[in-house]
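Peer 1: Following this message is one structure expressed as structure tokens.
Residue numbers (our numbering): 76 to 514.
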């Protein structure tokens with residue numbers, strides 16, 4: 076006997092009371108039948124008509140968009156971006172919320188993840204529950220922050236640049252991105268066509284004025300002649316191996332933080348908010364309190380941001396080991412820190428390289444892992460090194476909370492936690508947790 080076909084619920088509409096915010100840029104609601112909805116474009120306490128965008132009769136939960144607001148929250152504003160809203164650009168999650176409300180929602184998410192995954196209240200984590208703007212970041216009321224110094228535009232089949240719709244490969248063609256930094260907007264990526272390109276990434280280094288465009292061509296396509304209003308270097312992504320190659324100009328941009336210039340090559344990782352790197356360096360150094368002669372690890376070290384800051388503070392008698400998997404990032408880190416004999420950078424995955432070093436003890440550790448976190452085995456290894464302080468920089472509160480739980484098993488507690496709104500208008504939040512051994 077054949078199974079009965081499963082009925083899709085996409086397009087169904089439900090009138091619901093919106094509940095608490097959830098991790099990922101949506102809120103939780105329930106239908107009268109008890110179905111769980113993850114609703115975007117809504118705010119807690121609102122009554123809305125939610126239209127299902129994903130799910131069927133067998134789904135544990137449904138995804139939906141709030142298409143009609145029946146009873147609005149006092150925190151709601153009209154989205155300033157003309158491309159925001161149900162079925163439109165997926166880049167921003169909270170265009171419809173006041174800036175203060177956005178930070179409160181992010182704080183609620185961090186608190187919920189800490190409680191659910193690490194068993195900690197904000198007080199037990201040494202956190203006052205607030206999400207702070209970037210260091211020195213002040214914005215007049217009603218203005219959209221232009222903070223995104225790196226924007227990857229998708230390109231449709233006709234060559235028009237835009238951004239992906241939420242959980243979709245469809246391109247929302249735009250004429251400007253409101254959260255793009257001024258240096259990105261002035262390149263005018265949206266104002267020309269990009270025939271044969273799959274994507275165009277624009278980078279505007281905030282500390283140096285360097286501009287870079289990275290082209291990813293579709294198979295068999297030829298690169299266009301790039302003529303923009305501003306001096307810019309151009310790179311291309313190889314369609315076969317994914318490598319990045321210089322077309323013209325420098326293969327890197329120069330970024331500034333902690334009174335030092337960092338070279339970042341081939342579109343490598345750097346914090347996107349122009350004040351993020353400085354904000355995080357200050358938070359990490361204030362938490363670690365390095366001393367002269369300390370030994371330290373900088374894990375997932377990128378181009379050496381934290382390794383350089385620590386090296387300045389531990390002096391000639393100290394030592395810093397950085398570990399990074401990206402080949403180009405390691406080359407940049409070694410270049411950026413070549414003046415320090417006390418700094419060594421190793422290439423490879425942390426879980427592979429760290430055991431090979433045979434390091435058995437260290438004074439300080441800073442780790443800034445990818446979104447998935449460090450993981451149980453790496454945390455177990457780190458907890459066995461007896462560090463006086465550990466600084467954990469996290470872009471995902473769920474991964475942070477999971478790893479904090481592993482550190483608890485290894486005999487560490489959270490001394491302080493700080494949360495920063497380095498991604499306004501989106502659901503993303505950056506945290507810095509300082510851990511120390513339980514006495």
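Backbone N, C-alpha and C fix where the C-beta goes; we use that ideal spot for every residue, glycine too. Keep in mind the model is a prediction, meaning the values are calculated, not measured.
Please name the residue, chosen from 388, 428 and 377, that lies closest to residue 409 on a Cα-to-Cα basis.
Peer 2: Reading the chain shown from its first residue, position 334 is the one you call residue 409. Cα-wise, what sits closest to residue 409 is 377.
Peer 1: Contact between the segment 225-245 and the segment 268-283 is defined here as three or more beta-carbon pairs at a separation below 8 angstroms; is this criterion met?
Peer 2: Cβ pair count under 8 angstroms is three or more, so yes.
Peer 1: Among all the DSSP beta bridges, which residues are the ones paired with residue 397?
Peer 2: On the chain shown, position 322 is the one that residue 397 refers to. In the DSSP output, where bridge partners are listed per residue, residue 397 has 373 and 420.
Peer 1: Since residue 418 contacts residue 395 with CB under 8 angstroms, what's their CB separation in whole angstroms?
Peer 2: Position 343 of the chain shown, counted from the start, is the residue given in the question as residue 418. Position 320 of the chain shown, counted from the start, is the residue given in the question as residue 395. That belief holds up - the Cβ atoms of residue 418 and residue 395 are roughly 5 angstroms apart, short of 8 angstroms.
Peer 1: Can you find the residues in the same chain that come closer than 6 angstroms, C-beta to C-beta, to residue 293, ignoring five residues on each side of it along the sequence?
Peer 2: Numbered from 1 along the chain shown, position 218 holds the residue referred to as residue 293. Taken in chain order, the residues that qualify are 271 and 273.
Peer 1: Can you find at least 3 beta carbon pairs, one from the segment 350-358 and one from the segment 423-436, that sit closer than 8 angstroms?
Peer 2: Not touching, per the Cβ criterion.
Peer 1: With the cut-off set at 7 angstroms, would you say residue 139 and residue 180 are in Cβ contact?
Peer 2: Indexing the chain shown from 1 puts residue 139 at position 64. Indexing the chain shown from 1 puts residue 180 at position 105. No, the Cβ-Cβ distance between residue 139 and residue 180 is not below 7 angstroms.
Peer 1: Kindly indicate the opening and closing residues of the beta strand (DSSP E) around residue 272.
Peer 2: Translated into the one-based positions of the chain shown, residue 272 becomes position 197. Per DSSP, residue 272 belongs to the beta strand (DSSP E) from 272-279.
Peer 1: CB-CB under 7 angstroms to residue 429, same chain, minus the five flanking residues each way: which ones, in chain order?
Peer 2: One-based indexing of the chain shown puts residue 429 at position 354. Result list for residue 429: 398 and 456, in chain order.
Peer 1: Measuring only the C-alpha atoms, how far is residue 127 from residue 458?
Peer 2: Here the question's residue 127 lines up with position 52 in the chain shown. Here the question's residue 458 lines up with position 383 in the chain shown. Straight-line Cα distance between these residues: approximately 45 angstroms.
Peer 1: Let me check understanding here. Comparing Cα to Cα, which of 91, 322 and 381 lies closest to residue 146?
Peer 2: Position 71 of the chain shown, counted from the start, is the residue given in the question as residue 146. Nearest of 91, 322 and 381 to residue 146, Cα basis: 91.
Peer 1: What residue range is occupied by the uninterrupted alpha helix (DSSP H) comprising residue 260?
Peer 2: Within the chain shown, the letter at position 185 stands for residue 260. Where residue 260 is concerned, the enclosing alpha helix (DSSP H) stretches over 257-260.
Peer 1: Does the segment 459-470 come into contact with the segment 164-178, if we say contact requires no fewer than three beta-carbon pairs (one atom in each stretch) closer than 8 angstroms?
Peer 2: No, because fewer than three Cβ pairs between the segment 459-470 and the segment 164-178 fall closer than 8 angstroms, the two stretches do not touch.
Peer 1: Would a C-beta distance cut-off of 7 angstroms place residue 487 and residue 512 closer than the cut-off?
Peer 2: Within the chain shown, residue 487 is the residue found at index 412, counting from 1. Within the chain shown, residue 512 is the residue found at index 437, counting from 1. Contact: yes.
Peer 1: Using 8 angstroms for Cβ pairs, my map puts residue 119 next to residue 142. What's the rounded Cβ distance?
Peer 2: Locating residue 119 in the chain shown gives position 44, where the first residue counts as 1. Locating residue 142 in the chain shown gives position 67, where the first residue counts as 1. The Cβ separation is near 18 angstroms, so there is no contact.
Peer 1: Check whether the Cβ atoms of residue 286 and residue 307 lie closer than 7 angstroms to each other.
Peer 2: If you number the chain shown from 1, residue 286 lands on position 211. If you number the chain shown from 1, residue 307 lands on position 232. For residue 286 and residue 307, yes; Cβs fall inside 7 angstroms.
Peer 1: Taking only three categories from DSSP, how would you classify residue 191?
Peer 2: Residue numbering aside, residue 191 sits at position 116 when the chain shown is read from its first letter. Helix.
Peer 1: Compute the distance between the beta-carbons of residue 510 and residue 465, then report whether it is under 7 angstroms.
Peer 2: As a first step, residue 510 must be located in the chain shown, where it is residue number 435. As a first step, residue 465 must be located in the chain shown, where it is residue number 390. Taking 7 angstroms as the Cβ cut-off, residue 510 and residue 465 qualify as a contacting pair.
Peer 1: What residues match up with residue 138 in a beta bridge as DSSP calls it?
Peer 2: Here residue 138 refers to the residue found at position 63 of the chain shown. 113 and 129, per the DSSP bridge assignment.
Peer 1: My output table needs one value for residue 160: the three-state DSSP class, helix, strand or coil.
Peer 2: Position 85 of the chain shown, counted from the start, is the residue given in the question as residue 160. Three-state result, residue 160: coil.
Peer 1: Just how far apart, CA to CA, sit residue 144 and residue 123?
Peer 2: As a position in the chain shown, residue 144 is number 69, starting the count at 1. As a position in the chain shown, residue 123 is number 48, starting the count at 1. The straight-line gap from Cα to Cα measures roughly 5 angstroms.
Peer 1: Quick check: residue 311 and residue 290, are their CB atoms within less than 7 angstroms of each other?
Peer 2: Stepping through the chain shown from its first residue, residue 311 is reached at position 236. Stepping through the chain shown from its first residue, residue 290 is reached at position 215. Going by C-beta atoms, residue 311 is nearer than 7 angstroms to residue 290.
Peer 1: Between the segment 151-168 and the segment 185-199, do at least 3 Cβ pairs fall closer than 8 angstroms?
Peer 2: No, the segment 151-168 does not touch the segment 185-199.
Peer 1: CB residue 348 to CB residue 222, shorter than 7 angstroms?
Peer 2: The residue you call residue 348 lines up with position 273 of the chain shown. The residue you call residue 222 lines up with position 147 of the chain shown. Contact flag set, yes.
Peer 1: According to DSSP, simplified to helix, strand and coil, what is residue 301?
Peer 2: If you number the chain shown from 1, residue 301 lands on position 226. Of the three classes helix, strand and coil, the one that applies to residue 301 here is coil, per DSSP.
Peer 1: Return the CA-CA distance between residue 382 and residue 212, expressed in angstroms with no decimal places.
Peer 2: Working through the chain shown from its first residue, we reach residue 382 at position 307. Working through the chain shown from its first residue, we reach residue 212 at position 137. Each residue's Cα considered, the two are about 25 angstroms apart.
Peer 1: Following the continuous alpha helix (DSSP H) through residue 291, name the residue where it begins and the one where it ends.
Peer 2: Numbered from its first residue, the chain shown carries residue 291 at position 216. Note, residue 291: premise wrong, no alpha helix (DSSP H); beta strand (DSSP E) at 286-292.
Peer 1: Could you give the first and the last residue of the continuous beta strand (DSSP E) run that contains residue 118?
Peer 2: The residue you call residue 118 lines up with position 43 of the chain shown. Unbroken run through residue 118: none, as it is neither H nor E.
Peer 1: Can you tell me whether residue 392 sits near the ligand HEM, meaning its C-beta is under 6 angstroms from at least one heavy atom of the ligand?
Peer 2: Among the ligands in the structure shown, none appear at all, so the ligand HEM cannot be discussed.
Peer 1: Determine whether the beta carbon atoms of residue 219 and residue 157 lie at a separation below 7 angstroms.
Peer 2: Along the chain shown, one-based indexing puts residue 219 at 144. Along the chain shown, one-based indexing puts residue 157 at 82. For residue 219 and residue 157, no; Cβs fall outside 7 angstroms.
Peer 1: In the structure shown, what three-state DSSP assignment does residue 89 receive?
Peer 2: Residue numbering aside, residue 89 sits at position 14 when the chain shown is read from its first letter. Correct three-state label for residue 89: strand.
Peer 1: Grouping DSSP H, G and I as helix and E and B as strand, with all else coil, what is residue 407?
Peer 2: Mapped onto the chain shown, residue 407 falls at position 332. Residue state, collapsed to three classes: helix.
Peer 1: Excluding the five sequence neighbours on either side, which residues of its own chain have a C-beta within less than 8 angstroms of the C-beta of residue 329, listed in chain order?
Peer 2: The count along the chain shown starts at 1 and reaches residue 329 at position 254. Cβ within range, chain order: 280, 282, 283, 285, 336, 337, 338 and 339.
Peer 1: For residue 234, collect the residues of the same chain with a Cβ closer than 8 angstroms to its Cβ; drop the 5 residues on either side in sequence, then sort them by chain order.
Peer 2: Looking up residue 234 in the chain shown gives position 159. Closer than 8 angstroms at Cβ, skipping near neighbours: 268, 269, 270, 271 and 272.
Peer 1: Exposed or buried, which one is residue 501 when buried takes at least 16 other CB atoms within 10 Å?
Peer 2: In the chain shown, the residue the question calls residue 501 occupies position 426. Classification for residue 501: buried.
Peer 1: Hey, out of 420, 385, 450 and 384, whose CA is closest to residue 401's CA?
Peer 2: For this step, residue 401 is matched to residue 326 along the chain shown. Here the closest residue by C-alpha is 420.
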